[in-house]
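Chains as they are written, first to last, in the working numbering: chain A, 2 to 116; chain B, 1124 to 1240.
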């Protein structure tokens, strides 16, 4: 069975400091993993995607994530936070090879960026 | 390029009234389509998905229904709204056929904020 745990419901950082949003997953198959970002009252935007290629995945807006199979983790990082990064972030795992690309969502991490 | 539209953007409805939310996708053919609900303080819940016209699968029992009258149109409906139907409704699409080795990526619309009073 697939599941996703986002270890922090809220993360606060100062502008210009690094961002770390943590995610652990469980999957019965070789998983595909995603990070999405959601700004208030907006839809979800895909940040990046891992599908068994390079373990370090680079996404949009300077974000990247590293797939660590031994730790079942897929943490999202950014070297320097911007005010515009303030949003909610969702870690998502998908059933690889299933008849439908069903997504399993974490509960989200709210990122606050202080000036 | 592909785009996904949802309307209305916001909706306030009384308990017991009907509901119709619409989602359309442009720039692609035969997409998989999905309806999700995001309630306050909770994650996203998959409500319905469709792999083709007239083909609807329901994930959870509820008083909502979905229809796909055209290839790129997905409609979420209710005959009588409940207070618990309040939430943020998101439509999503993907294009990789089911059963392929690589998991497809889902792309989300802007959402509809529904408040039932």
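A virtual CB, placed ideally from N, CA and C, is assigned to each residue, including glycine.
The structure presented is a predicted model; accordingly, all values stated were derived computationally and were not measured.
Check	Outcome
DSSP has residue 1187 of chain B in a bridge; who is on the other side?	B/1201
Tell me which residue opens and which closes the beta strand (DSSP E) that residue 1149 of chain B is part of.	1142-1149
Using only the alpha-carbon positions, how far apart do residue 86 of chain A and residue 1138 of chain B sit?	37 Å
In chain order, what residues of the same chain have a beta carbon less than 6 Å from the beta carbon of residue 68 of chain A, not counting five sequence neighbours either side?	51, 56 and 75
Between the segment 101-115 of chain A and chain B, which residues of the former have a C-beta closer than 8 Å to a C-beta of the latter?	101, 102, 103, 104, 106, 107, 108 and 109
Cα separation between residue 1194 of chain B and residue 1147 of chain B?	9 Å
Can you round the beta-carbon distance between residue 60 of chain A and residue 49 of chain A to whole angstroms, since I take them to be within the 8 Å contact cut?	3 Å
Spatial neighbours of residue 70 of chain A within its chain, please: CB distance less than 7 Å, with the 5 preceding and 5 following residues excluded, ordered by chain position.	none
Return the chain-ordered list of same chain residues with a C-beta closer than 6 Å to the C-beta of residue 1167 of chain B, the five sequence neighbours on each side being excluded.	1159 and 1161
Would residue 1212 of chain B count as contacting chain A if we go by Cβ distances under 8 Å?	no
Would you verify that the beta carbon of residue 44 of chain A is, or is not, closer than 8 Å to some beta carbon of chain B?	yes
CB residue 1128 of chain B to CB residue 1210 of chain B, shorter than 8 Å?	no
Can you name the residues of chain B whose CB is closer than 8 Å to the CB of residue 50 of chain A?	1228
Got a sec: is the Cβ-Cβ distance from residue 77 of chain A to anything in chain B below 8 Å?	no
Going by beta carbon distance, what residues of the same chain come within less than 6 Å of residue 38 of chain A, once the five residues before and after it are set aside?	46, 48, 88 and 90
Would residue 119 of chain A be called buried (16 or more neighbouring beta carbons within 10 Å of its own) or exposed?	Chain A is shown only over 2 to 116; residue 119 of chain A falls outside these bounds and no answer can be derived.
Three-state secondary structure (DSSP) at residue 1176 of chain B?	coil
Short of 8 Å in beta carbon distance, which residues of its chain neighbour residue 1131 of chain B, apart from the five on each side in sequence? Order them along the chain.	1144 and 1235
Using a Cβ-Cβ cutoff of less than 6 Å, which residues in the same chain neighbour residue 5 of chain A once the five nearest sequence positions on both sides are dropped?	26, 92, 94, 105 and 107
If I follow the unbroken beta strand (DSSP E) through residue 76 of chain A, where does it start and stop?	74-79
Please decide whether residue 1154 of chain B counts as near chain A, where near means a Cβ-Cβ distance under 8 Å.	no
Please list the partners that residue 1233 of chain B has in chain A, where partner means a Cβ-to-Cβ separation under 8 Å.	43 and 44
Is any non-hydrogen atom of the ligand ATP found closer than 7 Å to the C-beta of residue 1126 of chain B, if you look at the structure I gave you?	The ligand ATP is absent from the structure shown, which contains no ligands of any kind.
Helix, strand or coil for residue 1207 of chain B, going by three-state DSSP, please let me know.	helix
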